[in-house]
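Written below as C-alpha cells is the structure these notes are about.
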Amino acid sequence: MGSHSSNRTRVPLSRMAMGNGHGEDSPYFDGWKAYQIDPFDPAENPHGVIQMGLAENQLCADLIEEWLIDHPEGSICTAGGSDKFRDIANFQDYHGLPKFRNGIAIFMGKVRGNRVKFDPDRIVMSGGATGAHDLIAFCLADPGDAFLVPTPYYPGFDRDLCWRTGVKILPVNCKSSNNFKITKKALEEAYNGAVDAGIRVKGLIITNPSNPLGTTLDRATMKDLVDFVNEMNIHLVCDEIYAATLFRGPDFISIAEVIEEYDDDCCNRDLIHIIYSLSKDMGLPGFRIGIVYSYNDDVVRCGRKMSSFGLISSQTQHLIASMLSDDEFVERFIAESSARLAKRHGYFTHELERVGIRCLDSNAGLFVWMDLRELLAEQTFEAEMVLWRVVIHKVKLNVSPGSSFHCSEPGWYRVCIANMDDQTMEIALARIRSFVLENMMGNCMRVVRSKESKAVECKLKVSFSNRKMEEVMKMPCSMSPCSPMPPRSPLVRART
Ligand SMILES: Cc1ncc(COP(=O)(O)O)c(C=O)c1O
Numbered sequence: 000m001g002s003h004s005s006n007r008t009r010v011p012l013s014r015m016a017m018g019n020g021h022g023e024d025s026p027y028f029d030g031w032k033a034y035q036i037d038p039f040d041p042a043e044n045p046h047g048v049i050q051m052g053l054a055e056n057q058l059c060a061d062l063i064e065e066w067l068i069d070h071p072e073g074s075i076c077t078a079g080g081s082d083k084f085r086d087i088a089n090f091q092d093y094h095g096l097p098k099f100r101n102g103i104a105i106f107m108g109k110v111r112g113n114r115v116k117f118d119p120d121r122i123v124m125s126g127g128a129t130g131a132h133d134l135i136a137f138c139l140a141d142p143g144d145a146f147l148v149p150t151p152y153y154p155g156f157d158r159d160l161c162w163r164t165g166v167k168i169l170p171v172n173c174k175s176s177n178n179f180k181i182t183k184k185a186l187e188e189a190y191n192g193a194v195d196a197g198i199r200v201k202g203l204i205i206t207n208p209s210n211p212l213g214t215t216l217d218r219a220t221m222k223d224l225v226d227f228v229n230e231m232n233i234h235l236v237c238d239e240i241y242a243a244t245l246f247r248g249p250d251f252i253s254i255a256e257v258i259e260e261y262d263d264d265c266c267n268r269d270l271i272h273i274i275y276s277l278s279k280d281m282g283l284p285g286f287r288i289g290i291v292y293s294y295n296d297d298v299v300r301c302g303r304k305m306s307s308f309g310l311i312s313s314q315t316q317h318l319i320a321s322m323l324s325d326d327e328f329v330e331r332f333i334a335e336s337s338a339r340l341a342k343r344h345g346y347f348t349h350e351l352e353r354v355g356i357r358c359l360d361s362n363a364g365l366f367v368w369m370d371l372r373e374l375l376a377e378q379t380f381e382a383e384m385v386l387w388r389v390v391i392h393k394v395k396l397n398v399s400p401g402s403s404f405h406c407s408e409p410g411w412y413r414v415c416i417a418n419m420d421d422q423t424m425e426i427a428l429a430r431i432r433s434f435v436l437e438n439m440m441g442n443c444m445r446v447v448r449s450k451e452s453k454a455v456e457c458k459l460k461v462s463f464s465n466r467k468m469e470e471v472m473k474m475p476c477s478m479s480p481c482s483p484m485p486p487r488s489p490l491v492r493a494r495t
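Sequence positions in the sequence shown follow numbering that gives the first Met the number 0 and run 0 to 495.
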C-alpha cells in the first residue's frame, strides 16, 4: 500500500482504531506471521513452518465435496441450481431464510443428541462466531463494563468482545491442579475483585467444549455456573462452537439442556445466550456462518437489527439449508467427523507419550493442550517464550504458548491437529521426536561432562526413563531429513 499524503499532516484514525484492541500483539498471532513468512509445503518448502496454531477442521472436507458434487441443485451457482439465482440473490431479510434458520436449529439439536430442541425464531445471524461475540457484547454491556472469562481462553476474545465495544475481560484463574476446572471460589474471587475495583460485571463467558483445553464441562459445574449468574444477576454466554468435535465420552452437555432442569423462578432465562457457528463443527470457517441463540427477546430483537452488519450471504444460507436438510448426510457427517477426530487425537497423543510428552486428558476440540513444563528452564512465562521461540524458529512448528490464552501457569502449549493431512502430521511428529532426542542427547552429554552431582538434576529436566530413551533412539525419524534441528539443541543452549 502506497501513501499519497507524505507532504500532508496525517488525519488520525479513531482512538479505538489506532489502539491495540485488535489483540494482534501476541505470540498467538506472531506464530501465524512466522508461518506466513515461511510456510511448509511438502514439495516447495519442506523445511518451512508447519501450521499447528490454527483450529481448523479439515478432516471431513471430502464428505462435503462429495455432497456438493451429488447435489448441484443446492447451489445457485451451478447449472442445476441457477433457476433459484434471482430469488436468492435478491434476498436480504435480516431474519435470514426461514429454511436456513430451521436447518441450523435442527442441526444444533442433532449435535446435542436431540436431547433438546432449538427454536428457529431465537436465531440471530452474524459473521461467524467472531461477529456473534461482538454482537452479544454490544447488546449486553456498556463501555467499561466487564465479562468474567475463565482461563485459559481463546485469544480472539480480547478482540471480538472488547475492541469495538469498550468492554473489559476479567480473567477467572483456573489451575492445572484440578485440570483447569472452573470453581465457584475462582468465580467469586474474580467477581469480588471487580466489585472492589469499581468495575460493573455484566456477564460470564464460557467456551464449552473448551478452546484451548479440549475438555467439556460436567453437569455439576454447569449448574454452579447457572446458580452463580442467577445469584449475581449477570448474563451467561456459552460459546458452544466446538459442540460436534466431541470424539469420546463424557458427553457434551449444552447449557440448553441444563436450563431445562430449572424452574423459572430458579433460573432467569433472559440471562442465557449461546454462541454457535459452523466454522469448527462442519469445517466451514470461510463461510462465516455464526449465530447468537438467545433466550432473551430483547437481545433477539436488538441483535436482528444489528445483524445487517454481518449478514451471512443469501447464497451461503441457501446452500447450507439444502445441505442440512439432508438428514442422512448430516448424521453420517457428525459420526464420521467424530471418528476421524478420535483417530487423529489418539494417534498424536500416543506418539507424544512415546517421547515422554503428555497432554491434558481431553475429549473434544481440534487441538491438544500440551504440557511442556518439564522442558522449561524455570517455571516462568519468560522461559515459556524461550521454548516457544525454539519450537517455532528451530523445530519449525507453529504451536501457541499458554500465555497467549491467558493461562495462569507457564509451560502449556496448544497444538492444533485437525488442519493438516496425515503426511504433514507425520513430518510434524518426526520434528518433535528429533527435538526431544536432541534434548536428551544434549542433556546426557552435559551429564557425562559434568562430574558434579548437580548434573543429575540437569538431566532430569527432560525426565524420561531409560526405556523411553531407548524407544526414542529406535524411532525411524530420529535422523529424518526433515529434521530442522541443528547439531546441538538451541533449547539446551537457551537453558545454559
Ligand atoms: C472459542 C472460539 N470462539 C469463536 C471463534 C471464532 O470463530 P468463527 O470462525 O466462527 O468466527 C473461535 C475460533 O477459533 C473460537 O475458538
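Where is the CB? At the ideal position from N, CA and C, for every residue including glycine. Bear in mind the structure is a predicted one, so any value in this text is a computation, not a measurement.
Residues in the same chain with beta-carbon distance under 7 angstroms from residue i, minus the five sequence neighbours each way, listed in chain order, please.
i	result
Glu23	none
Arg247	Ala341, Asn362
Lys62	The residue you asked about is not Lys; residue 62 is Leu in the sequence shown. Excluding positions up to five away in sequence, the list reads Phe332, Glu335.
Leu139	Lys201, Gly202, His234
Gly80	Pro71, Glu72, Gly73, Ser74
Met221	Ile252, Ile254, Val257
Phe99	Gln316, Ile319, Ala320
Lys116	Gly108
Cys406	Thr150, Pro151
Ser25	Pro154, Ser403
Cys358	Thr348, Leu351, Val367, Trp368, Met369, Asp370
Met17	Pro11
Using a Cβ-Cβ cutoff of less than 6 angstroms, which residues in the same chain neighbour residue i once the five nearest sequence positions on both sides are dropped?
i	result
Asn56	Lys279, Gly282, Leu365, Ala417
Tyr27	Pro154, Ser399, Ser403
Asp159	Thr129, His132, Asp133
Arg331	none
Ile198	Ala145
Arg303	Tyr93, Val123
Phe137	Thr164
Phe227	Leu186
Lys183	Asp223
Pro284	Ser278
Arg388	none
Arg218	Ile252
Arg466	For Arg466, the pLDDT reaches just 49, beneath the cut-off of 50, and the residue's location in the model is therefore unreliable, leaving the point undetermined.
Could you please give me the residues that DSSP links to residue i through a beta bridge?
i	result
Pro151	Partner(s): none; Pro151 has no beta bridge.
Pro400	Tyr412
Leu169	Leu147
His366	One point to set straight first is that residue 366 is Phe, not His, in the sequence displayed. Phe366 pairs with Cys415.
Ser276	Gly289
Val236	Ile204, His272
Gly95	DSSP output for Gly95 lists no bridge partner at all.
Ser125	Gly289
Val115	Bridge partners of Val115: none, in fact.
Gln50	Asn397
Asn438	Per DSSP, none; premise fails for Asn438.
Ser11	The question names Ser, yet the displayed sequence has Pro at residue 11. Its beta-bridge partners do not exist; DSSP assigns none.
Asp29	Answer is none; Asp29 lacks a bridge partner.
Asn497	Residue 497 lies beyond the range of the chain shown here (0 to 495); nothing can be said about it.
Glu45	In the sequence as displayed, the identity of residue 45 is Pro instead of Glu. Looking at the DSSP assignment, Pro45 forms no beta bridge with any residue, so it has no partner.
Among residues of its own chain, excluding the 5 on either side of residue i, which ones have a beta-carbon nearer than 8 angstroms to its beta-carbon?
i	result
Gln422	Pro41
Ile258	Val225, Cys266, Arg268, Ile271, Tyr294
Asn229	Cys265, Cys266, Asn267, Leu270
Tyr261	Val225
Pro409	Arg372, Leu375, Gln378, Thr379, Phe380, Ala382, Glu383, Gly401, Ser402
Leu58	Gly282, Ser336, Arg339, Leu340, Arg343, Ala417
Pull up the CB-CB distance for residue i and residue j, whole angstroms please, since I reckon it's below 8 angstroms.
i	j	result
Val126	Arg287	In the sequence as displayed, the identity of residue 126 is Gly instead of Val. About 5 angstroms; that satisfies the 8 angstroms criterion.
Cys237	Ile254	4 angstroms
Ile204	Glu239	Incorrect: roughly 12 angstroms between the Cβ atoms, too far for contact.
Pro208	Cys173	Actually they do not touch by this definition, with Cβ atoms about 15 angstroms apart.
Pro170	Ala189	7 angstroms
Gln314	Ile87	6 angstroms
Cys301	Gly52	The Cβ separation is near 35 angstroms, so there is no contact.
Gly112	Ser324	Not really, about 20 angstroms apart at Cβ, beyond 8 angstroms.
Leu428	Glu350	5 angstroms
Lys395	His46	7 angstroms
Compute every distance between the C-beta of residue i and the non-hydrogen atoms of ligand 2, then say whether any falls below 7 angstroms.
i	result
Thr8	In the structure shown, ligand 2 is absent; the only ligands present are ligand 1.
Specify which residues have a beta carbon nearer than 6 angstroms to any heavy atom of ligand 1, listing them in chain order. Ala54, Gly127, Ala128, Thr129, Tyr153, Gly155, Thr206, Asn210, Asp238, Ile240, Ser276, Ser278, Pro284, Gly289
Unbroken stretches of the alpha helix (DSSP H), 4 residues or longer, contained in the region 180-206: 183-195
Continuous beta strand (DSSP E) assignments of at least 3 residues falling wholly in the region 63-92: none
Can you check the region 312-380 for any beta strand (DSSP E) of at least 3 residues that lies completely inside it and give the ranges in chain order? Considered as a whole, the region 312-380 harbours 366-370 as its complete beta strand (DSSP E) runs of no fewer than 3 residues, in chain order.
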